[in-house]
Amino acid sequence: MRLSRKQDVTLKPAMLRAKALAAGKIRASLNVSVFALDSSLPAETLAGFLQAQFQELSLSSQVRAAGPERVQAALTGHFTKADVLVVLGDTSAKAEPALMDLVQWLLLNGQTSLAENLLYAQLGSTKSGTVAPVFERVILPLDFAERVQQSGRRFPWAASSHDQWALADAVLTYATGLAAE
Numbered sequence: 021m022r023l024s025r026k027q028d029v030t031l032k033p034a035m036l037r038a039k040a041l042a043a044g045k046i047r048a049s050l051n052v053s054v055f056a057l058d059s060s061l062p063a064e065t066l067a068g069f070l071q072a073q074f075q076e077l078s079l080s081s082q083v084r085a086a087g088p089e090r091v092q093a094a095l096t097g098h099f100t101k102a103d104v105l106v107v108l109g110d111t112s113a114k115a116e117p118a119l120m121d122l123v124q125w126l127l128l129n130g131q132t133s134l135a136e137n138l139l140y141a142q143l144g145s146t147k148s149g150t151v152a153p154v155f156e157r158v159i160l161p162l163d164f165a166e167r168v169q170q171s172g173r174r175f176p177w178a179a180s181s182h183d184q185w186a187l188a189d190a191v192l193t194y195a196t197g198l199a200a201e
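Per this note's numbering, the sequence shown starts with residue 21, numbered consecutively.
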């Protein structure tokens, strides 16, 4: 569990490639589980998006989507097989309590390491005056998938593409152990 990091750093191709290379040396394949706190959130879309980014970085990975049913996700191995858990939420008043309930459930069910390797992907902007969660948080624009589809470019490294690579960067940071406190 970490504090949110600032997202105004420009991601560079060499930095992401280096992290992907390091993750590949640590694990034969990176397993990421995207868990949606609400059924209306695009977990499958985000999982496919991350998988495509890891492929562009030549990183062997498996990204799967689940949620919002925790027990069903546990029965299908989404929690035991994951190296990094990306929890997808939004700006609603129910999102943060649902996140904390999920973390408590993970801890009570012996998934401490996964709770420690949890990233909170929030769709939408932060509300002013809102306290940041105690987890690493990456803010994704509501239209993150449409932006990438419209660009049609491989490695859209323009400054405006930072939003699209911030989550992959955070996952790679956790996968390589660089997020350790």
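Each residue gets a CB set at the ideal place from its N, CA and C atoms; glycine is no exception.
### Task
Tell me whether GLN73 is buried or exposed, calling it buried when 16 or more other Cβ atoms sit within 10 Å of its Cβ.
buried
### Nearest-angstrom Cα separation, counted from VAL191 out to PRO62
18 Å
#### Entry: Cβ neighbours of ALA40 in the same chain (closer than 8 Å, five flanking residues each side left out)
PHE74, LEU77, SER78, LEU79 and LEU192
### Task
Taking all protein chains shown into account, decide if GLU156 is buried (16 or more other Cβ within 10 angstroms of its Cβ) or exposed.
buried
### Query
Terminal residues of the continuous alpha helix (DSSP H) containing GLN131?
First-last for GLN131: undefined, no H or E at that position.
### Task
Can you check DSSP and say which residues form a bridge with ASN51?
GLN82
#### Entry: C-alpha gap between LEU50 and LYS114, whole angstroms
30 Å
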